[in-house]
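Asker: Let me give you the structure first, and then I'll get to my questions.
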């Protein structure tokens with residue numbers, strides 16, 4: 022805590038004067054002003070008068086316990102930093118403390134080893150919170166008419182295209198990386214069309230087994246196959262007059278593609294096992310994150326179906342290509358979270374927005390939403406600081422920045438920022454700090470695993486993702502030979518890797 026500003030104040034509350042003497046000496050040596058108290062009622066009065074930067078309170082106090090003091094302090098000052106400590110840290114005590122908004126819960130026997138780090142972190146967070154300038158939301162959730170949000174030039178072009186195609190019945194193919202919001206575009210096309218009084222039915226072609234997808238789309242007759250105990254009406258019949266959204270169309274089996282082509286050409290189909298020709302007036306909107314032209318060249322997708330689907334094409338840009346939309350998207354998601362959870366609206370500090378705009382978002386808008394959802398659950402103040410976000414340590418190195426900017430990268434939303442993007446540039450991060458970050462991440466998310474195997478697998482997967490599965494680039498990122506990388510990929514069961522050096 023040597024870097025702690027000397028004008029910061031810590032209030033320590035404990036019924037044992039010997040402990041207070043020890044704590045005072047420990048904290049004074051770190052350059053902070055220390056106030057001690059044995060009575061919880063007096064401690065609350067001191068808090069209201071002095072407004073300390075941090076309160077450290079024992080669980081067992083009189084006349085009211087430490088949890089009662091915590092609740093009163095947080096009611097008085099919702100952003101107050103409070104650490105609860107106890108010689109007996111039961112499961113219930115820890116959970117209740119965090120539920121009431123404690124910054125941390127410490128076992129007394131561990132204080133000689135943990136107090137310095139935790140107190141320093143808490144005081145730093147308190148200083149950041151005081152200096153943070155929260156960015157006020159531009160719109161409330163009620164002012165958003167659609168779930169698809171964006172003010173960037175790229176998204177304005179998407180909105181214009183949606184408006185042009187909404188009133189027609191032409192098939193639309195929406196392309197873009199995973200997590201960009203392709204289904205939201207399909208919803209907007211339907212909602213602004215004359216079909217909006219009829220159903221919008223969505224099917225994920227990749228999630229339904231091949232032998233069931235045909236029945237899902239076209240229905241089946243009773244007894245047409247084993248298990249077909251009754252007649253089933255398919256999605257084309259259910260969606261008559263409305264819109265059918267075929268997500269992950271690039272994963273549709275070739276046999277089903279040919280039957281879909283007939284519906285697009287003739288407007289006719291038959292149920293599985295049936296002879297009757299049925300008609301359906303359904304508008305098709307399809308979406309994919311695959312390059313269908315490459316799939317056509319590999320004979321994995323029908324060329325004639327591609328041109329039938331791609332009458333109008335709409336491409337959604339990845340989030341890293343429209344970072345100016347991040348503040349608006351963040352406001353929207355935080356507004357929705359507050360409304361659904363019946364909680365006060367959280368705000369982002371200006372520094373948090375800068376951090377988010379510097380991150381490449383391999384999981385796109387879906388990752389942003391998940392990140393803010395997690396931050397809102399774990400937040401201990403009404404302003405989200407960089408420390409509250411999984412991306413709080415992000416700074417792009419040159420190598421990672423070049424790779425993450427590639428439009429070919431497609432990824433899923435990670436629950437935690439992996440080490441390749443979490444680590445700062447070598448000049449800004451010491452080996453000691455990097456090791457500490459890794460051990461903390463392991464303890465927090467993977468406590469039942471050993472560090473080295475976890476790091477090896479996580480770094481390898483992240484390197485392959487950042488290099489678009491290129492083994493040459495991945496081996497350079499990891500500092501190993503391509504032969505070593507190939508053996509590691511085989512051992513870890515990581516597939517889809519290209520050995521091309523181009």
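Numbering (this note's numbering), first residue to last: 22 to 523. Backbone N, C-alpha and C define an ideal beta-carbon position, used for all residues, glycine too. No experiment lies behind these values; they were computed from the predicted model shown.
1) Our contact map puts residue 103 next to residue 123 with C-beta atoms below 8 Å; I'd like the distance itself, whole angstroms only.
2) Keeping to the same chain, check which residues put their C-beta closer than 7 Å to that of residue 350; ignore five residues upstream and five downstream.
3) Output needed for residue 310: all residues of its chain with C-beta closer than 7 Å, excluding positions within five of it in sequence on either side, in chain order.
4) Report the rounded CA-to-CA distance for residue 134 versus residue 222, giving the unit in angstroms.
5) With burial defined as no fewer than 16 other Cβ atoms inside 10 Å of the residue's Cβ, what is the status of residue 276: buried or exposed?
6) State the Cα-Cα distance for the pair residue 380 and residue 394, rounded to the nearest angstrom.
7) Decide if residue 419 is buried, meaning its Cβ has at least 16 other Cβ atoms within 10 Å, or exposed.
8) Return the chain-ordered list of same chain residues with a C-beta closer than 6 Å to the C-beta of residue 29, the five sequence neighbours on each side being excluded.
9) In the DSSP assignment, find the alpha helix (DSSP H) that holds residue 106 and state where it starts and stops.
10) Taking three-plus beta-carbon pairs below 8 Å as touching, is the stretch 217-237 in contact with the stretch 328-336?
11) Helix, strand or coil: which one does DSSP assign to residue 170?
12) Starting from residue 57, trace the beta strand (DSSP E) in both directions and tell me its first and last residue.
13) When you compare the stretch 279-290 with the stretch 238-257, are there three or more beta-carbon pairs, one atom per stretch, that lie closer than 8 Å?
14) If you draw a straight line from the C-alpha of residue 443 to the C-alpha of residue 498, how long is it?
15) Between the beta-carbon of residue 7 and the beta-carbon of residue 225, is there less than 8 Å?
16) Give me the residue from 36, 40, 115 and 45 with the minimum Cα distance to residue 63.
17) Of the residues 325, 404, 342 and 314, which one's Cα is nearest the Cα of residue 352?
18) What do you reckon, is the C-beta of residue 131 under 7 Å from a heavy atom of the ligand NAD?
19) So the candidates are 232, 127, 299 and 262; which of them puts its Cα closest to the Cα of residue 248?
20) Out of 261, 490, 138 and 147, point me to the one whose CA is closest to residue 300's CA.
21) In or out: residue 214 buried (at least 16 other Cβ within 10 Å) or exposed?
22) Could you spell out the range, first to last residue, of the alpha helix (DSSP H) harbouring residue 357?
23) Does the distance from the C-beta atom of residue 90 to that of residue 106 stay below 8 Å?
24) Using 8 Å for Cβ pairs, my map puts residue 406 next to residue 121. What's the rounded Cβ distance?
25) What residue from 491, 373 and 369 has the CA that sits closest to residue 515's CA?
26) Counting C-beta neighbours from all protein chains within 10 Å, is the total for residue 188 16 or more, i.e. buried, or is it exposed?
27) Where in the stretch 240-325 do unbroken runs of the beta strand (DSSP E), each at least 3 residues long, occur, reported from the N-terminal end onward?
28) Hey, residue 374 and residue 339: beta-carbon distance below 8 Å or not?
29) Buried or exposed, going by whether 16 or more other CB atoms sit within 10 Å of the CB of residue 130?
30) Quick check: what's the CA-CA separation for residue 438 versus residue 140?
31) Name the two residues that bound the continuous beta strand (DSSP E) containing residue 332.
32) Please report the straight-line C-alpha distance between residue 421 and residue 315, rounded to a whole angstrom.
33) Indicate the three-state DSSP secondary structure (helix, strand or coil) for residue 196 in the structure shown.
34) Can residue 48 and residue 31 be called in contact, C-beta distance under 8 Å?
35) Report the rounded CA-to-CA distance for residue 209 versus residue 357, giving the unit in angstroms.
36) Around the Cβ of residue 67, are there at least 16 other Cβ atoms within 10 angstroms (buried) or fewer (exposed)?
Answerer: According to the data block:
1) Taking C-beta atoms under 8 Å as the contact rule, residue 103 and residue 123 qualify, at a distance of about 5 Å.
2) Sequence-distant Cβ neighbours of residue 350 in its own chain, meaning closer than 7 Å and more than five residues away, are 170, 386 and 389.
3) The residues are 197, 198, 199 and 431.
4) So the two alpha carbons sit approximately 58 Å from each other.
5) By the neighbour-count criterion, in which a residue is buried when 16 or more other Cβ atoms sit within 10 angstroms of its Cβ, residue 276 is exposed.
6) In a straight line, the C-alpha of residue 380 is about 17 Å away from that of residue 394.
7) In this predicted model, residue 419 has a pLDDT of only 29, less than 50, meaning its place in the structure is not dependable enough to derive any value.
8) Excluding sequence neighbours, residue 29 sits near 53, 74 and 144.
9) Residue 106 -> not in any alpha helix (DSSP H); beta strand (DSSP E) instead, spanning 103-107.
10) Touching, no, given that fewer than three Cβ pairs across the two stretches are closer than 8 Å.
11) Coil at residue 170, not helix or strand.
12) Annotation: the continuous beta strand (DSSP E) that includes residue 57 extends over 54-58.
13) Contact between the stretch 279-290 and the stretch 238-257 is present, because at least three Cβ pairs lie under 8 Å.
14) Confidence at residue 443 is low in this model, with a pLDDT of 36, below 50, so its placement is unreliable and the value that follows should be read with caution. Take the alpha-carbon of residue 443 and the one of residue 498: they are about 15 Å apart.
15) Residue numbering for the chain in the displayed model covers 22 to 523; residue 7 lies beyond these limits and cannot be assessed.
16) Nearest option by C-alpha distance: 36.
17) With distances taken between Cα atoms, residue 352 lies closest to 404.
18) Because no ligand of any kind appears in the structure shown, any question about the ligand NAD cannot be addressed here.
19) Cα-wise, what sits closest to residue 248 is 232.
20) Nearest Cα to residue 300 within the set 261, 490, 138 and 147: 261.
21) Around the Cβ of residue 214, a 10 Å sphere holds 16 or more other Cβ atoms; the residue is buried.
22) Residues 347-362.
23) Judged by their CB atoms, residue 90 and residue 106 are not nearer to each other than the 8 Å cut-off.
24) Taking C-beta atoms under 8 Å as the contact rule, residue 406 and residue 121 fail to qualify, at a distance of about 20 Å.
25) When only C-alpha atoms are compared, the closest one is 491.
26) That one is exposed.
27) Taking only runs of at least 3 residues, the beta strand (DSSP E) segments lying wholly in the stretch 240-325 are 264-268 and 304-309.
28) Result no, Cβ atoms of residue 374 and residue 339 do not sit closer than 8 Å.
29) Exposed.
30) For residue 438, the pLDDT reaches just 32, beneath the cut-off of 50, and the residue's location in the model is therefore unreliable, although a value from the coordinates is still provided. The alpha-carbon of residue 438 is positioned some 25 Å away from that of residue 140.
31) Residue 332 -> no beta strand (DSSP E), and no H or E assigned at all.
32) Any reading at residue 421 must be qualified, since the residue scores a pLDDT of 33, below 50, and its modelled position is unreliable; no value is offered.
33) Residue state, collapsed to three classes: strand.
34) Yes; because the gap between Cβ atoms is below 8 Å, this pair is in contact.
35) Those two C-alpha atoms are separated by around 18 Å.
36) By the neighbour-count criterion, in which 16 or more other beta carbons inside 10 Å mark a residue as buried, residue 67 falls on the buried side.
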